[in-house]
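Everything on this sheet refers to the single structure shown next.
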Amino acid sequence: MASAIAFIAAYALGFRQLLYVAVALAALPLIALAMVRMHRPTLSVTRSFSPHVVEAGSAATVSLLVHNLGASRTMRATCWDEVPWVESGTSALELPVTQPRSPRFSRRSSTARLVYDLRPPRRGIFPIGPFVVQLDDAFGFATMTYRVGVTQDVIVTPEVVVLAETGLSVSAGDGESRLVQRRSSGDDDDSMTREYRTGDAMRRVHWRASARHGDLMVRQEEQRSFPAARLILDTRGIGYEDLSGDERTGEFDSDSFEWAVRMLASVAVHLRRFGFLVTVEESGSPQLEIDISRRHHRLDEEFLAELAELRLTLSSDSAPNLSGSMEKGRGSNGPIVAIVGAPDGQTLEWMISQRRPGDVAVAFLVQAVSAIDSDGRSPGVRESSSLAATTTRLVNAGWLVIPVRSDDDHAAVWEAVVFETGRSRVTD
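If you read the sequence shown in my numbering, its first letter stands for residue 6, the second for the next number, and so on.
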């Protein structure tokens, strides 16, 4: 625009000097574009996450090491990482000038370190990157954007909510664990000791019992028996009314299912902290490979990492698993917690078959939240004609049924279990 005005003024007023100005103004954007293209950086990016596995809604620190591999110094630029959940990427950072990597310059001066916080809003395994560099000339006439490096995956586990202690631990476990000692006839020293065997550590020698028997006696190992619990999760897409997605890609989404996964993670971690040996059953095709029915301090982390990849499946894919799990009384004599949406008849019968007489069984029925009513009232729970029938069927089979919404607070919902189990003990 300025160049055109200068051209017109030069001819109208007869000033040759204005013509030079017009040509310079016309050439300036082209010169700026050429400068930006000439200074295209040759970079490599190393990205690290702390922690590498992050909980949904929590922050992870991302450290970027940007190395200048070119033969010339870089320009000062703006940069960011692309992320799946924000179209514009992460917050913009300033990439400082770096020197070329050569004997004349130290390695440190050819590398820039950038740090930013990443807060994934939902669970999953997400690609972070590529790294984007935006170069601008000094006058703001030209802008070039370059993508550098490759993506790196970050594992985002479901949020784990701290839950209150319930009657489940009392009814099935008497606290964190039950210590069972095999006692033989005789006094306490006799029941706690045995004869020394080659290889026994001397620190286990029971000197008082040894003096009485005339032989070395060592303390017996204690046998621990832990209460067991089973968790059931409906992973069949047919069981969730707010299911959306594409069958061609196999990617499905459901707010109700996401609520169920967060509840599963929270309950599993909660019960394991109270000493339970926890097993997980899926109504659909099995996806979870980690066996958390063992005592291992890293199992929770591995289990939650697996939950990051858990997906809904088509009902046809899950039929073999259901038909193979219909044994009456399959599983352990312990509390059962089922987290389902709107289960169909096959899933419902399978659930009911998992409970043995006398078992504590709790079922959370997750209902999807509908859109705001046309009259502007708050969102309500989507009505389901089968909800009442499902509740009645489970109650008649001895289950405690807790209807919930997909936007309910998990800790508050768990409090309902505290109240109901407490009331049932008082009634008994």
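We treat Cβ as the ideally placed atom computed from N, Cα and C, and that holds for glycine.
Only a predicted model underlies this, so the values are computations on that prediction, with no experimental measurement involved.
| Query | Result |
| --- | --- |
| Cut-off 8 Å between Cβ atoms - residues of its own chain near Phe131, not counting five sequence neighbours on either side | Val88, Pro89, Trp90, Pro125, Asp158, Val159, Val161 |
| Assigned exposure category for Leu74 - 16 Cβ within 10 Å defines buried | exposed |
| Anticipated Cβ contact below 8 Å, Val138 with Tyr121, distance rounded | Going by Cβ atoms, the distance from Val138 to Tyr121 rounds to 15 Å, so no, they are not a contact pair. |
| DSSP beta-bridge partners of Thr198 | Arg224 |
| The alpha helix (DSSP H) enclosing Asp158, as first and last residue numbers | Where Asp158 is concerned, there is no enclosing alpha helix (DSSP H), although the beta strand (DSSP E) it sits in stretches over 157-162. |
| CB-CB length for Met197 against Arg224, believed under 8 Å | 6 Å |
| DSSP bridge partner residues for Ala310 (one or two, in chain order) | According to DSSP, Ala310 bridges with nothing at all. |
| With 16 other Cβ atoms within 10 Å as the buried cut-off, status of Trp264 | buried |
| Counted within 10 angstroms of its Cβ, other Cβ atoms place Ser261 as buried (16 or more) or exposed | buried |
| Cβ-Cβ distance between Ile407 and Val418 below 8 Å | yes |
| Assigned exposure category for His301 - 16 Cβ within 10 Å defines buried | exposed |
| Residue closest to Val272, alpha-carbon to alpha-carbon, out of Met149, Met80, Ala169, Ser96 | Ala169 |
| Rounded straight-line distance, which links the Cα of His275 to that of Ala416 | 11 Å |
| Under the three-state DSSP convention, the category His218 falls into | helix |
| Reference Thr318, options Ile341, Ile297, Leu248, closest by Cα | Leu248 |
| Collapsed DSSP secondary structure at Val272 in the structure displayed | helix |
| From Val165, Ser93, Pro105, residue whose alpha carbon lies closest to that of Gly62 | Val165 |
| C-alpha distance - His211 paired with Ser298, whole-angstrom precision | 34 Å |
| Pair within 8 Å by beta-carbon distance, Pro348 and Arg267 | no |
| Ile243 versus Thr66: straight-line alpha-carbon distance, rounded | 38 Å |
| Buried versus exposed, by CB contacts within 10 Å (16 or more), Ser53 | exposed |
| Asp258 in three-state terms, based on DSSP | strand |
| 6 Å Cβ shell around Thr284 - same chain, five flanking residues per side excluded | Arg235, Ser298 |
| Where Leu319 sits in the DSSP three-state scheme | coil |
| Rounded separation between Gly403 and Glu200 - CA only | 50 Å |
| For Leu248, the three-state DSSP class (helix, strand or coil) | coil |
| Cβ-Cβ distance between Gly129 and Ala313 below 8 Å | yes |
| Beta-bridge pairing of Glu99 - partner residues as DSSP gives them | Thr83 |
| First through last residue of the beta strand (DSSP E) which encompasses Ile341 | 341-345 |
| C-beta atoms of Val374 and Asp412 nearer than 8 Å | yes |
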